[in-house]
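Novice:
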Amino acid sequence: INARTKTLCSAVICVKFKVEECIYPRGKTMSFSCAIALVLSLVSQCFGLSEQEISQRRAREEIRIDGPNIPNKPPDNYILTSARLQEIRNDLMYPYFDADVNSPEEGEIKKDYQEDINVGSVLLNKQLNFRFSFYGMAYNYTWISLNGYIGFSNNPQVVVSYPLTFPHPKWPQANDPSFIGPFYSEILIGELDGREHDRRRPGLYFRVERDLGARKDKMGVEIRERLKWDIKEGIVGSRSFLPQHCAIVTWKNVSFNGGKRPESLKVTNTFQLIIATDEVMSYAIFNYEHLGWTTHTGAGGDHIEGQGGTPAFVGFNAGNGSRAFEYVPFSQSMQIRDLPFSGNVNGKAGRHMFRIDEKILPGACNPEPYETSYELVFAPEQGPMLGGTRVNFTGPCLLPGQKIICRFDSWPANGYIIDENRGSCITPMMTTSGYVDFAISVDGGPYHWRGKFFVETPMTAPKGIIFDESELLKIKPDVFHIEWDKGNLTLDDNAAVEISLWGYQETSIDPEFVFIGMIVEGIKNTGQYDIVPADYDYLEKRKFTDLTVGLMKINLTNPQQHVGLRESPALWSRPFALSWYLHSEWQEQHGHNWAAKLCYIWMERDFRMKQFAYEIPRCPCLLDQARSAKSFFAPDFSCDEDGNTECLYHKGAEHCIRTALPNKDGAGQQCCYDREGYLMMTSDKQWGGNPHRAHNLGMLPYYEANKVPSLSHWYLDISGFFKCCLWQNEQSDGCERFRFELRPSQDCVGYEPPAVAGVFGDPHIHTFDDVQYTFNGKGEFVLVRANNKHQKLDIQGRFEGVPQNKLGWSRGTMLTSVAAKDNQSSIVEVRLRAPEAQWRYKLDVLVDSRPVYFDLFSTKIQQFKGVTVYTPSHILNQSQVVVMFQSGAGLEVVESSGYMSCRVYLPTTFVNQTRGLFGNWSFNKEDDFLTPTDDPEGYMYIDTNNLKKLHDDFGMKWAVEDKEVEAKGKTLFTHANGRSSNFYYDKLFQPTFDKFPALPNNITLDSTEVKKFCGESEQCYFDYAVTFNRDFAKWTKHYQDEFVNIKKIGLQRVLSCGSLRTPKHGRKSTFAFTPGTEVKFDCDPGYILVGDKRRVCEVDQKWSIPEEGEARCLTKTRFFSMKAGITSGSVLAILIPLILVTVCLVCLVRYKKRKNTDSERAKSTWQPRSQQLNALSSPGENASSSSGNESRNGNDRIKPKPNPPSGKMDAEYYTGEPLSNRPNYQFPDVDMPETLPYNPHYPGISNSVNV
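Next up, the structure:
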């Protein structure tokens, strides 16, 4: 071609781009002024340019018009103005380009347009090079398809019927792809009809932008900010989202398959998919610019316009037969034509937005809310019990002026309209916890839109107001500093906020929140404030002196101005003691000993209430036992070795546990352990664990006194600790009574550890009676069943095939899911997630078929009907889940590297009550293999080496079905997508029955290597030989060793002598209490020890008897006073007996002397009575009487009688006193008998008595 022709062609190219410069930036038509300017400048600007200049100009025009990404260009620190941000956000479609130029000089062109996509090749693989989370899975690649979707697995098989159903009902026989489909159909590349203002080529465009967070170039900054604000203002729950990567896929002017050409090729659709992620959260945006057709001919559409039949599928599919989301009412319905005119996300017709990382949450309202009840999309999905959380929701389409009512359980709240797709409400103050119904009513209509909102207890909710809690242990700190997240109220730092003080009390059946007063008003929302308690001493506070438990609240002064709501969001503190505020009033009312008086009032009230401590479980003795006590106890997250180790109310504790569920009266137990692993008791220090009258998690009905979560516990238990101990001292009388009478730690005497059974590997089972066997059937089976008038418990396991080995399918199975139910409790199911879905969560937890998550501190422990579920505080990926039922049954599920194990813990109340694969717990190994019959003796003896007999005659008989069977119950598992238990059951599956499988010759693995790796573990060898998977065998051995250690260490019985009281003002050498422990006592400075200085825990589980008395610590004054008293007492103890003995001896000597004298006189004057009487009656005797009185009374006087001769009884009636009317009777002299005769008037005396 000659130079003139080249110049002409170059000039034509120049003219073309000059025309496009006038057209495209300014709209659909060329302006008149632009046309005149173009004509005048064509000759001067085009016909004199060389070919190189024309090429460079062309490149510059493409750069300016299409705005390419230039990765090789150094960062230019591009500053995005608000005006520019608004300008780019005005467009519906995100940018896509015909070409990108890395640099005009190099001329290298990178195209968004996909040249390789055509009707013969509709799929193209693209590497994302970042983690994209979708439906729980994580991918770093995608397949872009001309057929209106991007996929993450193989292409779907040929569709034979419509409408489409996902997940594919015939999976796994048929392929079930994972995909995102804004318009899933059969598509061809269309043609322009000449009327379009956008002259870019029809076809498929794909663009990836990575590392947006660090980008400073224009394209990176604009894409990042546009995505951030579009998503933040388009869908609820995205406030913290910052996009890091995105992909933009555009189907421009695409037509339907099967149409009549060329007419049908001009009937086109243009739509776009944007995916954005920060590698945790992921969002999808569907932009529909134009839809000219709805259906391809294979689905019943016509040949010219592509209408009728079954329209395209719009939605998401997780793949592998798991779950799907169809975007109704648009997908596969005639309403699909409304997609370009609906959605209205960001105020743009045709835009629809979704959150897609774990489940699909739509951001656009549903225009047909009255056909049925719809699931409400809202965020956040949890909030504190005290209220004040702003909850944004998407559900019904909202119009200005409509009245919105939000209902949380039975508590109503006003709703507010943000835009057509979003509304908002402030949670009210509630007295409940756990999941409650959250529903929306529009204009007084029914509550069609529903969801589940998780109410956090005041002690587990995130700290809305943060302060140093140790400062409030003091009676009256000088100052304490508070902080709060100011963004939780408003983003305006200058907004005015107010801080108020509230109290809580229970003086009747209805709990009461009391407004005390304002701490401060009108301060700026700076996020911090210093409170000086002395500033409030002047206030009148007498009517609040009965309050002890307080709460602090921060809210906006003028919420309408800053957040557009009549009610303000609010932040609440955790409960605290009110001494810093009411100290002066208490002192004025009760005097110097105000704390003792408050303690007395609290004790008096507590004494009047029901005794509860004897009805709660006893504490384990050792920390190892506490870690394994998963039948009743859960970690106390306020003092947790794996989490919060502050232990503010249990100083010196290593770890504390609490009962996971309240007892029938709402009470709970707390046990704490020191760094040596021993149970801490209040008999030693005030920091030991305590029984609790009110459980921290509360109890139904939550709205009654004594049952309110956290607050009842504070009011009934913790406030007493403040009054009696912290505000006095550990040795005070009030604290002594608190520690030893009202809230004493229970010792572990009588604690019975639970029994444990487990399953792991290719399933290897340990029964409660420690029988070990292997059963690898396929299906859902009964692990434990108790069904009688005493206990009702069902625990079931699902066994599925292990992954393929080097030679194909392995002839083994593995545990993939566990479901459990106790009596009338909720059903809890724990599932193993697919390997591709384990990037965030390892296990799925379903309660009553609804997924629940445990990745927030406030959701670490959750209480449901009759059951508590928790994950340890250091577990962030749900790889360990513990389930505890009201009966004391516990279930622990652990995942490691894609392999799952299960352990069941049962208290002794289940002895002789269990059936199933875990055997009959009877302490007898012979009756473990009970078949599902009503005969309690229907067990069989099976050699555990005979795996086939175990499989056929025992294991497979415990398979469960969807219908109820008396001996086995029915399946507890959630079956989605029309499946049943039969989907997993395979009675024809023949596993490996050889206990020591032989290794094939065509692999490099040999038995010596396996034995060396597994050691003595037969289970490890079996799994290695069956699966050829070293990791599988490794975790089998790990789970086996873990189970053995739990049984031998964590569940051992510990002998205990019980508590041994530490003397007041004294110390013990050790807090151990096991046999052989020697405890020595010592006293604090200024005190002296008395009593036994050491005690020993004997083998009979009793402390040695204190021979010198109980150990006590006395002050020196008291000790020396006592010692002086002892000395004086000792002297008196010696002198008094000596004096008494001396007196007795003197008396004895005098008595003997008198006795001898009387005896001698008697012998010399003795004569018979008759002679004495004769002598007395002689006339001479009477006549000689000189006294009338003596003469008158002489006959009445009786003289003392001398002792009679030995061996003779006196023959005289003789007494030592005068007797009137004495009988005139003479007793004969007789010999004295050796015994006296029996006296019938005294039957208690024997027949004869020795004299």
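In this text, residue positions in the sequence shown follow the working numbering: the first is 3, and each later residue adds one.
Ideal Cβ positions, reconstructed from N, Cα and C, are used throughout, including at glycine.
(1) Candidates 523, 616 and 874: which alpha carbon is nearest residue 632's?
(2) Just the C-alpha distance for residue 598 and residue 725, rounded to the nearest angstrom, thanks.
(3) Spell out a yes or no on whether the segment 670-683 and the segment 918-930 are touching, meaning 3 or more CB-CB pairs, one atom from each, closer than 8 Å.
(4) Is the distance from the Cβ of residue 266 to the Cβ of residue 305 below 8 Å?
(5) Are the beta-carbon atoms of residue 693 and residue 615 separated by less than 8 Å?
(6) Going by DSSP, which residues form a beta bridge with residue 146?
(7) Let's test the definition: count the other Cβ atoms within 10 Å of the Cβ of residue 217 and tell me whether it reaches 16, buried, or not, exposed.
(8) Quick one, which of 97, 792 and 974 has its alpha-carbon nearest residue 114's?
(9) Straight-line CA distance for residue 1100 to residue 1017?
(10) Does DSSP classify residue 715 as helix, strand or coil?
(11) Please go through the same chain and pick out, in chain order, the residues whose beta-carbon is closer than 8 Å to the beta-carbon of residue 721, but skip the five residues on each side of it.
(12) Are the CB atoms of residue 208 and residue 359 nearer to each other than 8 Å?
(13) Where does residue 824 fall in DSSP's three states?
(14) Note down, in chain order, each residue of its chain lying with its Cβ closer than 7 Å to the Cβ of residue 919, except the 5 sequence neighbours on either side.
(15) Please report how far the alpha carbon of residue 972 lies from the alpha carbon of residue 164, in whole angstroms.
(16) CB residue 525 to CB residue 497, shorter than 8 Å?
(17) So, at 8 Å on beta carbons, what are the nonlocal neighbours of residue 129 in its own chain, with the 5 sequence-adjacent residues on each side left out?
(18) With burial defined as no fewer than 16 other Cβ atoms inside 10 Å of the residue's Cβ, what is the status of residue 642: buried or exposed?
(19) With burial defined as no fewer than 16 other Cβ atoms inside 10 Å of the residue's Cβ, what is the status of residue 1266: buried or exposed?
(20) Please classify residue 1149 as buried or exposed, where buried requires at least 16 other C-beta atoms within 10 Å of its C-beta.
(21) Do residue 138 and residue 187 come within 8 Å of each other at the CB atom, strictly closer than that value?
(22) Buried or exposed: which applies to residue 709, given that a residue is buried once 16 or more other Cβ atoms fall within 10 Å of its Cβ?
(23) Counting beta carbon pairs with one atom in the segment 274-287 and one in the segment 231-249, are three or more of them shorter than 8 Å?
(24) Considering just the uninterrupted stretch of the beta strand (DSSP E) at residue 637, what are its terminal residues?
(25) Since residue 689 and residue 653 are thought to touch, with beta carbons under 8 Å apart, how far apart are those beta carbons, to the nearest angstrom?
(26) Between which two residues does the beta strand (DSSP E) holding residue 503 run?
(27) Is it true that the CB of residue 190 sits closer than 8 Å to the CB of residue 271?
(28) For residue 544, which of helix, strand or coil comes out of DSSP?
(29) Which of helix, strand or coil does DSSP assign to residue 334?
(30) Inspect the beta-carbon positions of residue 274 and residue 237 and report whether they are closer than 8 Å.
(31) Give me the Cα-Cα distance between residue 585 and residue 519, rounded to the nearest whole angstrom.
(32) Tell me, please, whether the segment 1062-1078 touches the segment 676-684 by the rule of three or more beta-carbon pairs shorter than 8 Å.
(33) Thinking C-alpha only, which one of 773, 415 and 198 is nearest residue 389?
(34) Taking all protein chains shown into account, decide if residue 422 is buried (16 or more other Cβ within 10 angstroms of its Cβ) or exposed.
(35) Classify residue 1139 as helix, strand or coil using the three-state DSSP reduction.
(36) Let me check understanding here. Comparing Cα to Cα, which of 296, 285 and 100 lies closest to residue 201?
Specialist: So, from the listed chains and residues:
(1) Closest option to residue 632, Cα to Cα, is 874.
(2) If you take the alpha carbons of residue 598 and residue 725, they lie about 7 Å apart.
(3) Cβ pair count under 8 Å is below three, so no.
(4) Cβ distance < 8 Å, so residue 266 and residue 305 count as in contact.
(5) Closer than 8 Å, so yes.
(6) Paired residues: 126 and 152.
(7) Of the other Cβ atoms in all chains shown, 16 or more fall within 10 Å of the Cβ of residue 217; this residue is therefore buried.
(8) Closest option to residue 114, Cα to Cα, is 97.
(9) Taking the CA atoms as reference points, residue 1100 sits about 41 Å from residue 1017.
(10) The answer is helix: DSSP assigns residue 715 an H, G or I state.
(11) The answer, listed in chain order, is 550, 551, 579 and 604.
(12) Not a contact, by the Cβ cut-off of 8 Å.
(13) If DSSP states are grouped into helix, strand and coil, residue 824 belongs with the strands.
(14) Result list for residue 919: 767, 777, 783, 784, 785, 957 and 960, in chain order.
(15) The straight-line gap from Cα to Cα measures roughly 35 Å.
(16) The Cβ atoms of residue 525 and residue 497 lie no closer than 8 Å to each other.
(17) Excluding sequence neighbours, residue 129 sits near 142 and 143.
(18) With 16 or more Cβ atoms within 10 Å of its Cβ, residue 642 is classed as buried.
(19) The first residue shown for the chain is 3 and the last is 1253, placing residue 1266 beyond what the model contains.
(20) A residue is called buried when at least 16 other Cβ atoms come within 10 angstroms of its Cβ; residue 1149 does not meet this threshold and is exposed.
(21) Contact: no.
(22) Under a 10 Å Cβ-count criterion, residue 709 is classified as buried, with 16 or more other Cβ atoms of the shown protein chains found around its own Cβ.
(23) Using a C-beta cut-off of 8 Å, the segment 231-249 makes contact with the segment 274-287, since at least three inter-stretch Cβ pairs fall below that distance.
(24) Here the beta strand (DSSP E) through residue 637 covers 635-637.
(25) The beta-carbon separation of residue 689 and residue 653, rounded to 5 Å, stays under the 8 Å limit for a contact.
(26) 498-507 is the span of the beta strand (DSSP E), which, as asked, contains residue 503.
(27) No, the pair does not count as a contact, with Cβ atoms beyond the cut-off.
(28) Helix.
(29) Looking at residue 334 - three-state DSSP - the assignment turns out to be coil, as it is neither helix nor strand.
(30) Not closer than 8 Å, so no.
(31) When rounded, the separation of the alpha-carbon atoms in residue 585 and residue 519 is 16 Å.
(32) A contact is defined here as three or more CB-CB pairs under 8 Å, and the segment 1062-1078 meets this definition with respect to the segment 676-684.
(33) Of all alpha-carbon atoms in 773, 415 and 198, the one lying nearest the alpha-carbon of residue 389 is that of 415.
(34) Its Cβ being crowded by 16 or more others within 10 Å, residue 422 is buried.
(35) Note: residue 1139 maps to helix in three-state DSSP.
(36) Here the closest residue by C-alpha is 100.
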